[in-house]
Every structure is written in C-alpha cells, then in structure tokens.
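Undergrad:
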Amino acid sequence: MAIAAVLEFPGGTLDQYDQVIERMGFQHEGAGAPGALFHWATQTENAVLVTDVWADRETFDRFAEERIGPITAEVGIPGPPRITFYEVHNYLTAG
1481 MAIAAVLEFP GGTLDQYDQV IERMGFQHEG AGAPGALFHW ATQTENAVLV TDVWADRETF
1541 DRFAEERIGP ITAEVGIPGP PRITFYEVHN YLTAG
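Each residue of the sequence shown is one higher than the last, beginning at 1481 in the numbering used here.
1) Check whether the Cβ atoms of Phe1489 and Ala1544 lie closer than 7 Å to each other.
2) My parser needs the beta strand (DSSP E) runs of 3 or more residues fully inside the region 1499-1534; what are they?
3) Buried or exposed: Phe1565, going by 16 or more other Cβ atoms within 10 Å of its Cβ?
4) For chain C, find out if any of its Cβ atoms is closer than 7 Å to the Cβ of Pro1561; answer yes or no.
5) If you draw a straight line from the alpha carbon of Thr1493 to that of Met1481, how long is it in whole angstroms?
6) In chain order, what residues of the same chain lie with their CB nearer than 8 Å to the CB of Val1555, ignoring the 5 residues before and after it?
7) From the DSSP output, read off the bridge partner residues of Ala1484.
8) Among Ala1513, Thr1552, Ala1574, Leu1517, which one has its Cα closest to the Cα of Ala1535?
9) With DSSP as the reference, identify every bridge partner of Pro1490, one or two as the case may be.
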C-alpha cells in the first residue's frame, strides 16, 4: 500500500535541501528515486517541509536510512527530521 511521508527538518534551509538533492543525483522537477511516486518541498517559518508518496513503507525506510539520513547530516541539517506517515487512499500523476 502506498504511504505518504511528511518530513519536517527544523532549522533546515532550502539551500541545504538543494545540496541534498544534488548529492542524491536528482534534478529539480526531474525523476525521483525508485519506489518514490511523488515529492514536493517548501520552506516554512522555521523548517524545510518535504512530502513524499512512496509505493510502500519498506522502500521509504530503506531510502531514508541509506540516503536521507546520511546526506542531510553531511550538509549540516540539524538532527533527524520529524516524520509523520499516512496511508494513501489515492494519488494522481501527470497525464
């Protein structure tokens, strides 16, 4: 079952987010990781907020452990993100 993961990185900046995306080998508005169905990011008053939809929780957990955690630490984002998960009833893609 698809899941949505909402990640909040308190103290993070969009510059750091852009560095993470670059180090992961992704491009703005490009393709994402295998198993990732949708991704968007924004800056809030005091955090970077990322919302992802993944094919399943296991794929997200593996990607988070292997890529998100280490790379966000490398670019200086303070601490691990706060993550909230939601079951996805439906999602739509670009036609």
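C-beta: ideal position from N, C-alpha, C; glycine also. What you are looking at is a predicted structure, and each value in this text was computed from that prediction instead of being measured.
TA: So, to answer that:
1) To locate residue 1489, count along the sequence shown from 1; it is residue 9. To locate residue 1544, count along the sequence shown from 1; it is residue 64. Contact flag unset, no.
2) The qualifying runs are 1516-1523, 1527-1534.
3) Locating residue 1565 in the sequence shown gives position 85, where the first residue counts as 1. By the 10 Å Cβ count, Phe1565 comes out exposed.
4) The structure shown contains no chain C; it holds only a single protein chain.
5) Along the sequence shown, one-based indexing puts residue 1493 at 13. Along the sequence shown, one-based indexing puts residue 1481 at 1. Taking the straight line from one Cα to the other gives about 31 Å.
6) Within the sequence shown, residue 1555 is the residue found at index 75, counting from 1. Closer than 8 Å at Cβ, skipping near neighbours: Gln1496, Gln1499, Val1500, Arg1503.
7) For this step, residue 1484 is matched to residue 4 along the sequence shown. For Ala1484, which the question treats as bridged, DSSP gives the partners Val1533, Tyr1566.
8) Along the sequence shown, one-based indexing puts residue 1535 at 55. Per the Cα distances, Leu1517.
9) Here the question's residue 1490 lines up with position 10 in the sequence shown. DSSP, once it has assigned bridges, lists Ala1527 as partnering Pro1490.
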